[in-house]
Amino acid sequence: MSLLIDAIGELSTQHLTGEASPASGEGAGVLRDAAVVLEGERIAWVGPSAGAPAADERYDAQGRAVLPGWVDSHSHLVFAGDRTAEFEARMAGQAYAAGGIGVTTAATRAASDGELRRLLAARVAEAVAGGTTYLETKTGYGLEVGHEARSAALAAEAVDEVTYLGAHLVPAGADPEAYTDLVCGEMLDAVRPHVRWADVFCETGAFTEEQSRRVLTACRDAGLGLRVHGNQLGPGAGVRLAVEFGAASVDHVNFLDDEDVAALAGSWADWAGGAAGVPGTVATVLPACDLSTRAPLAPARRLLDAGVQVAIASNCNPGTSYTSSVSFCVTTAVLQMGLTVQEAVRAATFGGALALRRHVGADADGQRAVGSIAVGHRADLHLLDAPSATHLAYRPGMPLTHAVWRAGQQVR
Ligand SMILES: [Zn+2]
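Residues 702 to 1113 (the working numbering) are what the sequence shown spells out, left to right.
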């Protein structure tokens, strides 16, 4: 079964040609009056609407804009409970500290499998309704062997990529060193069948540099790809550790010194774009989290200008960013972080794919590239009820998601 989507007013492919600048995304293939043909789960053709081949079915975009579906490379969706009171207290002037995670952990442990499965499915549906077609989520509200393994297994049923975040917080009453040993040993073994990634919250109040190093080493040795929560609440070792360990992404990055930025930029020195060379460590910014914690916005402009690849993600979680709206994050990145619309769209599509190392074709899992629109890539499309992607920032807060295809299936 093939589908022709034609009369696309603006098609933002985010597919870089050889001449394009990988850092800025300039030349990232914005086509006017374009068409796309989907065949099964893949994109079979991209080009001018006038020259489009016939297909079994046709969808008339009526001049609307099409982007790759959002790739949300950072979320925490496996949880129960509510932290409205903590949010209210923060809005009344209390500072955010890492300890609130413990509240969610208690509620999550108490929830049944069925309840967690239902909550997770509802959250994934919300994300898809907002244009997200590829989704990462993390464990980290179990914080004991059985509960982390359960979270990982439930997440693997519901999302595209699962990350082990046993190192989210040292549970109340636990000895930090003994808990780190557990994260690196028995807990890692229990989650391993369900996850592709491991993450550590390297921050004052969470895990020290030395503990983070132990977690990253053990998880790397177990064959997991690495990600780091770093430099969110203050300066720290997170970014430097992420680069040293060749992590695919370091996330938050609110407090960076010149050395941090240089280390991130240096990690991209051997990458020439697309499949050429070795990708470095993506700096993932989480604008909704910055706003919800009233933190200084991460320096996305400075990072892009330094040649760092940037991703934008939701960080959807009950404590600090209870939204999966990547469109909202893109709007914020444009209006408040100084990105152009195309830079922000690129960070939330191709950038997210880079952060999950799914930016190029079939890998060992036999999976197609996501986050850009090109022949052979997964057919993940986001059609806006607007003539251009610029409307995402020009009309902030408006519900512009008009239709969504995920792996070739219309899901909205
Ligand atoms: Zn997070």
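We put the beta carbon where it would ideally sit given N, CA and C, even for glycine.
>> Taking the alpha helix (DSSP H) that residue 885 belongs to, which residues open and close that run?
In response: Per DSSP, residue 885 is one residue of the alpha helix (DSSP H) stretching across 877-885.
> Where does residue 726 fall in DSSP's three states?
Replying inline: Bear in mind that the predicted position of residue 726 carries a pLDDT of just 43, short of 50, making it too unreliable to give a figure here.
> Where does residue 1029 sit, in a helix, a strand or coil, going by DSSP?
Replying inline: In this structure, residue 1029 counts as helix in the three-state DSSP scheme.
>> As a quick exercise: from 1076, 857, 1007 and 1092, pick the residue whose alpha carbon is nearest that of residue 1029.
In response: That would be 1092, whose Cα lies nearest to the Cα of residue 1029.
> Using the C-alpha atoms, what's the distance from residue 740 back to residue 734?
Replying inline: Between residue 734 and residue 740, the C-alpha separation is close to 20 Å.
> DSSP three-state call for residue 912: helix, strand or coil?
Replying inline: Shown here, residue 912 sits in a helix according to DSSP, grouped into three states.
> Where does residue 787 fall in DSSP's three states?
Replying inline: Three-state DSSP puts residue 787 in a helix.
> Tell me, which residues are paired with residue 953 by DSSP?
Replying inline: For residue 953, which the question treats as bridged, DSSP gives the partners 931.
>> What does the Cβ neighbour count give for residue 1124, buried or exposed, with the cut at 16 atoms within 10 Å?
In response: There is simply no residue 1124 to check, as the chain begins at 702 and stops at 1113 in what is shown.
> How close, in whole Å, do the beta carbons of residue 935 and residue 951 come, if the pair is a contact with beta carbons under 8 Å?
Replying inline: Actually they are not in contact, since the Cβ atoms of residue 935 and residue 951 sit about 15 Å apart, beyond 8 Å.
>> Taking 6 Å as the cut-off, is the C-beta of residue 932 nearer than that to any heavy atom in ligand 1?
In response: Outside the cutoff, so no.
>> Quick check on the burial criterion: 16 or more other C-beta atoms within 10 angstroms. Buried or exposed for residue 750?
In response: Per the 10 Å Cβ criterion, buried.
>> One question on the structure: do residue 871 and residue 901 come within less than 7 Å of each other, judged by their Cβ atoms?
In response: Taking the C-beta atoms as reference points, residue 901 is found no nearer than 7 Å to residue 871.
> CB-CB under 7 Å to residue 853, same chain, minus the five flanking residues each way: which ones, in chain order?
Replying inline: When the five nearest sequence neighbours on each side are left out, the beta carbons in the same chain lying within less than 7 Å of the beta carbon of residue 853 are those of 840, 863, 865, 892, 895 and 896, in order along the chain.
> When DSSP builds the beta bridges, which residues end up paired with residue 703?
Replying inline: Per DSSP, 740.
> Any chance the stretch 1021-1041 sits against the stretch 995-1002, with 3 or more Cβ pairs inside 8 Å?
Replying inline: At 8 Å Cβ cutoff, the stretches touch.
> Count the other CB atoms within 10 Å of the CB of residue 792; is the residue buried (16 or more) or exposed (fewer)?
Replying inline: Exposed is the call here.
> What are the boundary residues of the beta strand (DSSP E) that residue 970 is part of?
Replying inline: In the DSSP annotation of this structure, residue 970 is not part of any beta strand (DSSP E), being labelled neither H nor E.
> Tell me the DSSP bridge mates of residue 1083?
Replying inline: Residue 1083 pairs with 768 and 1105.
>> Just verifying my parser: in three-state terms, what is the DSSP assignment at residue 1009?
In response: Residue state, collapsed to three classes: coil.
> Can you tell which of 975, 1010 and 789 has the C-alpha that lies nearest to the C-alpha of residue 966?
Replying inline: Cα-wise, what sits closest to residue 966 is 1010.
>> Is residue 955 near ligand 1 - that is, is its Cβ less than 6 Å away from at least one heavy atom of it?
In response: Flag unset: Cβ of residue 955 not near ligand 1.
>> For residue 941, report the span of its alpha helix (DSSP H) as first-last.
In response: Residue range 939-945 is occupied by the alpha helix (DSSP H) that includes residue 941.
> Mapping DSSP to helix, strand and coil, what is residue 734?
Replying inline: For residue 734, the three-state secondary structure derived from DSSP is strand.
> With a Cβ-Cβ cutoff of 7 Å, do residue 705 and residue 743 count as a contact?
Replying inline: No. Outside cutoff.
> Which one or two residues does DSSP pair with residue 980 in a beta bridge?
Replying inline: Partner(s): none; residue 980 has no beta bridge.
> Near residue 860, what residues of its chain come up, given a Cβ to Cβ distance below 6 Å and the 5 sequence neighbours on each side ignored?
Replying inline: Once the five neighbours on either side are set aside, the close Cβ partners of residue 860 are 836 and 838.
> Would a C-beta distance cut-off of 7 Å place residue 730 and residue 765 closer than the cut-off?
Replying inline: No, Cβ-Cβ distance for residue 730 and residue 765 is not below 7 Å.
> At what residues does the alpha helix (DSSP H) containing residue 819 begin and finish?
Replying inline: Element bounds for residue 819: 814-830.
> So residue 807 is in the alpha helix (DSSP H); what residue range does that whole segment cover?
Replying inline: Looking at the DSSP string, the run of the alpha helix (DSSP H) that includes residue 807 is 802-811.
> So, is residue 747 buried or exposed, given that buried needs 16 or more other C-beta atoms within 10 angstroms?
Replying inline: Its Cβ being crowded by 16 or more others within 10 Å, residue 747 is buried.
>> Checking the sheet assignment: what are the DSSP bridge partners for residue 838?
In response: Partner residues in the beta bridge of residue 838, as assigned by DSSP, are 863.
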